[in-house]
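Notes to accompany the following structure.
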Amino acid sequence: MSVDTRKETLGFQTEVKQLLHLMIHSLYSNREIFLRELVSNASDAADKLRFEALAKPELLEGGGDPRIRISFDTDARTITIDDNGIGMSRDEVVSHLGTIARSGTADFLKNLSGDQKKDSQLIGQFGVGFYSAFIVADRVEVFTRRAGLPAAEGVHWSSTGEGEFDIATIDKPERGTRIVLHLKEDASEFASGWRLRSIIKKYSDHIGVPIELPEEFHGEEKDRPAEPEWETVNRASALWTRPRSEVTDEEYRSFYQHVAHDFSDPAAWSHNKVEGKLEYTSLLYVPSRASFDLYQRESPRGLKLYVQRVFIMDQAEEFLPLYLRFIRGVVDSSDLSLNVSREILQKDPVIGSMKTALTKRVLDMLDKLASNEPEKYAEFWKQFGQVLKEGPAEDAGNREKIAALLRFASTHGTDGEQTVSLADYIGRMKDGQNKIYYLTGESHAQVRNSPHLEVFRKKGVEVLLLTDRIDEWLMGYLTEFDGRSFVDVTRGDLDLGALDSEDDKKAQEEVSKSREGLVERLAKALDDQVAQVRVSHRLTESPAVLALGEQDIGLQMRQILEAAGQKVPESKPIFEFNPEHPLVAKLDAEQDESRFNDLARVLFDQAALAAGDTLKDPAAYVQRLNKLLVELSA
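In terms of full-length UniProt numbering, the sequence shown opens at residue 1 and continues consecutively.
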């Protein structure tokens, strides 16, 4: 190998420096994962070479089956990981080893707290890959050449992980990548054949590429061969191609960590082989923790796609809908062409059939998790619930299945925890109740104390309390479940159906008739602010409440649209008053029209505040309230 030429010293991207510092300290207690990460990268490099060689056989440069070789030197305290995969060009080395080109990286780093235990879990979600080498090494060298480039365009990269790296052009006769780790003194234990073998068996046995170590030599030193004999130490068969009965839970978990670049164990998985009209194998995982970029819908997502066991692409997003973007795993098809592209995937009818089947399999897996391991499902919901709520809008065909998986807070729950399923709610419905009632708002405290709930508390009827920003949008698509329609308790003239007796309805009619005069006076006083004034049958304690028209946009959705700069159609609320409340009785008896108008406006503003709205003229509200307080104290 020739002397370095075109040598440069470059600085790491700021995010890389931060990640390296945090990772080295946070992951200290789990140092052995460095080998899993580097072997995983080498396996990916072999997969990518096989794929590119389909169109350009010359990339194989005379053949050579894919393999990963790991050697060590105890005296020099080094470990070398050598693969004959795709390799990297100089530009790729600078890009891949000097920067983190992932959207949301800066936001991710802001979330790190300095608590090593918590940060190690967050870093595990991020996927540290190559940089894990610095957990055990105080200097790392990379020798690489991209397949297809001449030997003179090899690259030597070197760094101590402290802010800079050196890069130079070298001669490298063979394609692929060799990484040399110069171990820290306290990491010398890893320069051991036994230690390396045990880590590979623990984390990388499922890798489909042979992982080779020098055979252990037990003879006289004088008889040691000049070149080592290499021994394969992993199964070297793709895990998803093996029968389920031959794969242990530990192997499934280990493969998940490889395919998802995650440190945590998965919450659930499903391994399935389909034969018949379509032939494919899928291995799908539900993560136990959300990735840091879960809510960035444009972030890379999807399954690893193989065709006849040949790797095709990393993030094949066409096999699952967007609301299931958290699912990780592999799909291996026998029906697709080896030269399949993203454009072909978008048009191929086979993909549509596979997507339908895989989506159903994921929903069934989640249903099974919810039924058999409710505590684990509750943790899943905390991590991924808001994403799953996108489902009813995106996937009409599975709306009922998705709805069954949703969880909500309710008036029968505690502390705003989203633990109530729609099946739970239906099981607790009152005799005569045939609707599912819900209320949306900005916070649990606001909806829990909403005047709209007063009649439901009186009758002991459960109401779902929806406070996620997506909820009002969700309910625009979720119109019924198990034959029961959803009813927003803030909309229209509340009809409780059989929950109100005939005597109740008759009494309501009589009260409404007796307050027609007050309705007219209030309509005149609030003319510019309301669409209608009427006697309320919702209230038992509060003096007034604002209701929405059936077709009006709710407050939550209105605020979201306005924050996004979108024009929102004008609408006015319906003002309902409680005829039994002392304030309303005082209002009805007020003869001074000026004081009547002030009191009416105060009641209207209070009802708006209770609904979570902001006042258009808060100063006027304060002036009216102060004026009334002065008059009362006089």
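Beta carbons are placed, not taken as given, at the ideal position from N, Cα and C, and that holds for glycine.
For N272, DSSP records a beta bridge to S282.
When the beta-carbon positions are compared, V487 and K435 come within less than 8 Å of each other.
Exclusion of the five residues before and after K48 leaves I86 as the residues of its chain whose Cβ lies within less than 6 Å of its Cβ. Going by DSSP, E141 is part of the beta strand (DSSP E) stretching over 137 to 145. Judged by DSSP in its simplified three-state form, E58 adopts helix. In terms of CA proximity to E516, R534 leads the group R534, R469, D527.
When R484, V330, H537 are compared, the shortest CA-CA separation from E510 is found for H537. Cβ-Cβ distances below 6 Å link R146 to G87, M88, S89 in the same chain, with the five nearest sequence neighbours on each side left out; the list follows chain order. Under the three-state reduction of DSSP output, Y203 falls in the helix class. Distance check between G460 and each of F481, S410, D493 places S410 closest, using alpha-carbon atoms only. If you keep only unbroken beta strand (DSSP E) runs of at least 3 residues inside the segment 482 to 512, you get 484 to 488. Taking every protein chain shown into account, the CB of A611 has 16 or more other CB atoms within 10 angstroms, so this residue is buried.
Contact between the segment 437 to 455 and the segment 386 to 396 is absent: fewer than 3 CB-CB pairs across the two stretches fall below 8 Å. Secondary structure at M365: helix, using DSSP grouped into helix, strand and coil. In the three-state DSSP reduction, T356 falls in the helix class (H, G or I). The segment 513 to 530 and the segment 554 to 565 do not touch, with fewer than 3 CB-CB distances between them shorter than 8 Å. Take the alpha-carbon of L38 and the one of S132: they are about 8 Å apart. Under the DSSP definition of a beta bridge, M313 partners with L305. Taking C-beta atoms under 8 Å as the contact rule, P266 and Y256 qualify, at a distance of about 4 Å. A residue is called buried once 16 or more other Cβ atoms fall within 10 Å of its Cβ, and Y295, having fewer, is exposed.
With fewer than 16 other CB atoms across the displayed protein chains lying within 10 angstroms of its CB, E541 is exposed.
Boundaries of the alpha helix (DSSP H) harbouring Q556: 555 to 563, taken from the DSSP string. For G329, the three-state secondary structure derived from DSSP is strand. A direct Cα-Cα distance of roughly 16 Å separates L609 from L539. When secondary structure is reduced to three states using DSSP, I179 falls in the strand class. Here G11 has G163, E164 as same chain residues with Cβ atoms under 7 Å from its own Cβ, once five neighbours each way along the sequence are excluded.
With contacts defined as CB atoms closer than 8 Å, G427 and R407 fail to qualify as a contacting pair. In this structure, Y437 sits near F456, with a CB-CB distance shorter than 8 Å. If you check the CB distance, L632 and V602 do not come in under 8 Å.
Nearest to E231 by alpha-carbon distance, out of I70, W381, R242, is I70.
In the DSSP assignment, V602 falls within the alpha helix (DSSP H) that extends over 593 to 610.
Segment contact: the segment 196 to 215 against the segment 168 to 185, fewer than three CB-CB distances shorter than 8 Å; contact not assigned.
By the CB criterion at 8 Å, L405 and A357 fall outside the cutoff. In the DSSP assignment, Q532 falls within the unbroken beta strand (DSSP E) covering 532 to 535.
In this structure, V545 sits near E576, with a CB-CB distance shorter than 8 Å.
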